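Notes follow once the structure below has been shown.
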Amino acid sequence: MYGATYAMLSSTIGRILENQDVYANVRKEIDSVLGREPAKPECLSKLVYLTAIWRETLRLAPSTPQIHLTCDKDTAIADGKYLFKSGTVVVILAQDVLRDSSVWGDDAELFRPERMLGGQFEALPPKAWIAFGAGIRGSMYHSFALQLALIALSTIIQRFEILPVNRSTKHSPETFRFRVLPRNDTPLLSLVPHLRPVSSIATSSSNSTEGFPLYVYYGSNTGSCEGFAQTIATRAARNGFRAVTDTLDNAWSNLPKDGPVIIITASFEGEPADNAGRFVKELTHESEKRDLQDVCFAVFGAGNHEWARTYMRIPRLIDATLELRGAKRLLERGEGDAGGDSFAESFYDWEEKLWETLAAKYGLTANDDPRTTGAEIQFVSGSIDRAVALRQPDARTGVVIENKLLTAPGVPPKHHIELKLPAGMTYQCGNYLAILPLNPPEYVERVLARFKILRDQQIVLNMAGPTTLPTGRPVSVSELLSGFVELGQFANKRNISTLLEYAKGPATRSNLEAMLADFKKGGKKPNSSMLALLEKYPDIDIPLGVYIMSLPPMRLRQYTISSSPLWNPNHATLTVGVIVQGDFRGVGSNYLGSLNKGDQVLMAVRPSAKAFHPPADPTIPMVLFAAGSGLAPFRGFLQERAMQAKSGHRVGKSVLFFGCRTPEDDYLCTTRVLACSGEV
Numbered sequence: 139m140y141g142a143t144y145a146m147l148s149s150t151i152g153r154i155l156e157n158q159d160v161y162a163n164v165r166k167e168i169d170s171v172l173g174r175e176p177a178k179p180e181c182l183s184k185l186v187y188l189t190a191i192w193r194e195t196l197r198l199a200p201s202t203p204q205i206h207l208t209c210d211k212d213t214a215i216a217d218g219k220y221l222f223k224s225g226t227v228v229v230i231l232a233q234d235v236l237r238d239s240s241v242w243g244d245d246a247e248l249f250r251p252e253r254m255l256g257g258q259f260e261a262l263p264p265k266a267w268i269a270f271g272a273g274i275r276g277s278m279y280h281s282f283a284l285q286l287a288l289i290a291l292s293t294i295i296q297r298f299e300i301l302p303v304n305r306s307t308k309h310s311p312e313t314f315r316f317r318v319l320p321r322n323d324t325p326l327l328s329l330v331p332h333l334r335p336v337s338s339i340a341t342s343s344s345n346s347t348e349g350f351p352l353y354v355y356y357g358s359n360t361g362s363c364e365g366f367a368q369t370i371a372t373r374a375a376r377n378g379f380r381a382v383t384d385t386l387d388n389a390w391s392n393l394p395k396d397g398p399v400i401i402i403t404a405s406f407e408g409e410p411a412d413n414a415g416r417f418v419k420e421l422t423h424e425s426e427k428r429d430l431q432d433v434c435f436a437v438f439g440a441g442n443h444e445w446a447r448t449y450m451r452i453p454r455l456i457d458a459t460l461e462l463r464g465a466k467r468l469l470e471r472g473e474g475d476a477g478g479d480s481f482a483e484s485f486y487d488w489e490e491k492l493w494e495t496l497a498a499k500y501g502l503t504a505n506d507d508p509r510t511t512g513a514e515i516q517f518v519s520g521s522i523d524r525a526v527a528l529r530q531p532d533a534r535t536g537v538v539i540e541n542k543l544l545t546a547p548g549v550p551p552k553h554h555i556e557l558k559l560p561a562g563m564t565y566q567c568g569n570y571l572a573i574l575p576l577n578p579p580e581y582v583e584r585v586l587a588r589f590k591i592l593r594d595q596q597i598v599l600n601m602a603g604p605t606t607l608p609t610g611r612p613v614s615v616s617e618l619l620s621g622f623v624e625l626g627q628f629a630n631k632r633n634i635s636t637l638l639e640y641a642k643g644p645a646t647r648s649n650l651e652a653m654l655a656d657f658k659k660g661g662k663k664p665n666s667s668m669l670a671l672l673e674k675y676p677d678i679d680i681p682l683g684v685y686i687m688s689l690p691p692m693r694l695r696q697y698t699i700s701s702s703p704l705w706n707p708n709h710a711t712l713t714v715g716v717i718v719q720g721d722f723r724g725v726g727s728n729y730l731g732s733l734n735k736g737d738q739v740l741m742a743v744r745p746s747a748k749a750f751h752p753p754a755d756p757t758i759p760m761v762l763f764a765a766g767s768g769l770a771p772f773r774g775f776l777q778e779r780a781m782q783a784k785s786g787h788r789v790g791k792s793v794l795f796f797g798c799r800t801p802e803d804d805y806l807c808t809t810r811v812l813a814c815s816g817e818v
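Heads up, the sequence shown is in my numbering, so the first residue is 139 and it goes up one at a time.
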């Protein structure tokens, strides 16, 4: 095993040195995750890009190049074209399987770790990645080899500059040599003294290595369900649990039986999230029946009532099938409607019932004191990789080429934004572009003013349990507030309870108690953020750490791409309406609307539903229907047909029907506009 692992390490380093963009990205991830600390097993799950590099290296150079199988009965394949008699020994060439263009794409011969990110690895067909063999002859050391390789690689890259001796981009095993130099910005030894707190704002008293195991698995494309899962994991320690979080696709091979299993998952047009597809397929497949009798579970589902036919299909399917297979349901399934006005509240209400149920079943005492839920903050004198910290490792930096306002003054603004994609990032017509935005600057300034903190003040966050916040290293307050938490989300019942704990004035307490009473009765909810309530009631003396931990993590915003790669494979456009309602600012749309030429944007391409693409045959006519707000993808559809026609293809007729309230002000799809964009 060790010989194969050493060979794989050399091969991986060679691949990294041949691709300097990959080297830069993986070093950034390692610096963000490990900082100056040594690599530990509990950190490895955060090294997502390094894991992708390892998987891609093994895809091109598998540890098990051949797999020998013996037929136990007469078997015909390819519709009876080939017959294998019982006892026939079949040799499968793993390298050919791992370079199959029908699975891996036309660039299957190229080294591209990004193909293993964003749920793509989990969505592969069964046995598509057989670098360690398959079936009962699959390497029993697979997991240990991965752990060993990640620790070794991350430590080498963390501590040293790696330089090739031979500058050729092609290496043979006999001639491949590299040298290492100590990095100036990282100590060779791990004996680094820890910073001591200067001002303890709030303290998390629980030790994340202790407690009863709790497993939280999520299926999420846009980040909402992952955020809910993170909320449960963060609150686990103070409820007596030790939380483990992961995607659903990573859970199926061994659903735990030594602790409760909590599943937070969404339904997208009736289909599972990208990182839950394999779990759903194997859970519902007859041949994959397993003994789930000792599994205790609870499910919370997210959906949108506007998709009435498929609303909550996946959460309900998982919930029912787990029970059918013998697992024990801890409490009734929770459901949150992303198209309603109580999405987050539905989750928080269900979460309260969850902790009550778990406390009763496992004999643990829930501690709901908000004073134990904050992050410990150290104020220090003196770059966090935001995408890695927020667990979006496939998000990379693109550049704004143009930001054009499409609407007349006095009407809600709509922008057409052209973006240059990061090198190697590709898309199909109809795909999503996921953007990791920043909060509006005025939100950040209001928080700084409320807590009387300078925007450049450096702090260090220390807290127990998993988190998407940048912990253990200096970060400026303004950077933390701008990019890691949602400042504008309306306050929920838990937020108001937290504010009430720190309210001093009788009038303030009375008003907050009235808001809580309205929540419990299902009445009017405050259309105010925590920030707005803190400004309204200055006598609420809440610590900054508690405030930050009360906010949800910044999540991706997905926008359908409004261009075709046939127009420009390296550029994509978005057509976005900017949301402004009173003091409320839509975070993603306002961020995009404020961008200027040359600005850098964190982005990732995400797949859309399989059916949501122009027909592969360009001669098939298209009839397209869209509300005004849904026009964007069909601009791309029309542009694709226009580019096909321009290149000499025969194309079918396309007709677009779309909504428009005031044609003189916001008629976004005039023939002139489409012609300028190459769409007609």
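Using N, Cα and C, we set each Cβ at its ideal position, and we do this for glycine too.
No experiment lies behind these values; they were computed from the predicted model shown.
Straight-line CA distance for P604 to R611? Spanning the two alpha carbons is a distance of roughly 15 Å.
Express the C-alpha separation of L730 and T545 in angstroms, rounding to a whole number. 15 Å
With distance defined between alpha-carbon atoms, name the residue in T385, A199, T208 and S239 nearest to F270. A199
Bridge partners - P612, DSSP secondary structure assignment: BP columns for P612 point to V598.
Using DSSP bridges, identify the partner residues of C434. In the DSSP secondary-structure assignment, C434 is bridged to K466.
Looking at the structure shown, is R305 part of a helix, part of a strand, or coil, going by DSSP? No answer about R305 holds up, because its pLDDT of 48 lies below 50 and its placement is not dependable.
Can you tell me whether T360 is buried or exposed, with buried defined as 16 or more other CB within 10 angstroms of its CB? Label assigned to T360: buried.
A533 vs L574 beta-carbon contact at 8 Å: yes
Can you tell which of P703, E624 and P560 has the C-alpha that lies nearest to the C-alpha of S688? E624
Name the DSSP beta bridge partners of A380, please? Sequence inspection shows Arg at residue 380; the Ala mentioned does not correspond to that position. Bridge partners of R380: P351.
Under 8 Å between the Cβ atoms of I168 and Q296? The answer is yes: Cβ separation under 8 Å.
Could you please give the first and the last residue of the uninterrupted beta strand (DSSP E) stretch that includes D396? Where D396 is concerned, there is no enclosing beta strand (DSSP E), given that its DSSP letter is neither H nor E.
In three-state terms, what does DSSP make of E409? strand
Given this structure, state the Cα-to-Cα distance separating G626 from I151, to the nearest angstrom. 44 Å
Do Q696 and R744 have their CB atoms nearer than 8 Å? yes
Inspect the beta-carbon positions of G464 and P453 and report whether they are closer than 8 Å. no
Nearest CA to the CA of I402: which residue from T372, G357 and R380? G357
Measuring straight from C-alpha to C-alpha, what distance separates N157 and L291? Computed Cα separation, rounded: 16 Å.
Per the DSSP calculation, K784 is bridged to which residue(s)? BP columns for K784 are empty, so no partner.
Distance CB(I686)-CB(L637) smaller than 8 Å: no
On the CB-based measure, 16 or more other CB atoms within 10 Å of its CB, does S337 come out buried or exposed? For S337, the predicted model reports a pLDDT of 32, less than 50, meaning its position is unreliable and no value from the coordinates is stated.
Option nearest D755 by Cα separation, candidates G790, P550 and I680: G790
Can you determine whether any heavy atom of the ligand ZN sits closer than 7 Å to the C-beta of N633, and answer yes or no? Although the ligand ZN was asked about, the structure shown includes no ligands whatsoever.
Looking at the structure shown, is R723 part of a helix, part of a strand, or coil, going by DSSP? strand
Among the residues of its own chain, which have a CB less than 7 Å from the CB of A389, if the five just before and after it don't count? So the list reads Y355 and F417, once near-sequence residues are dropped.
Inter-residue spacing [alpha-carbon to alpha-carbon] between R153 and F249: 8 Å
Where do the ends of the beta strand (DSSP E) carrying E540 lie? Its beta strand (DSSP E) spans residues R534 to L543.
Would you list the one or two residues that DSSP bridges to D475? G441
Per-residue burial, Q530 [other beta carbons within 10 Å of its own, 16 or more giving buried]: By the C-beta density criterion, Q530 is buried, having at least 16 other C-beta atoms within 10 angstroms.
Mapping the DSSP letters down to three states, classify G568 as helix, strand or coil. Residue state, collapsed to three classes: coil.
By DSSP's criteria, L288 is part of a beta bridge. Which residues make up the other side? Beta-bridge pairing links L288 to no other residue.
Count the CB pairs spanning the region 395–414 and the region 444–460 that are closer than 8 Å, and state whether there are at least three. yes
Are V235 and L262 touching if we call contact CB-CB under 8 Å? no
Cβ separation of L740 and T535, assumed to be a contact under 8 Å, to the nearest whole Å: 6 Å
If distances are taken between C-alpha atoms only, which option among K419, K735 and R788 comes closest to P759? R788
Measuring straight from C-alpha to C-alpha, what distance separates L147 and R165? 16 Å
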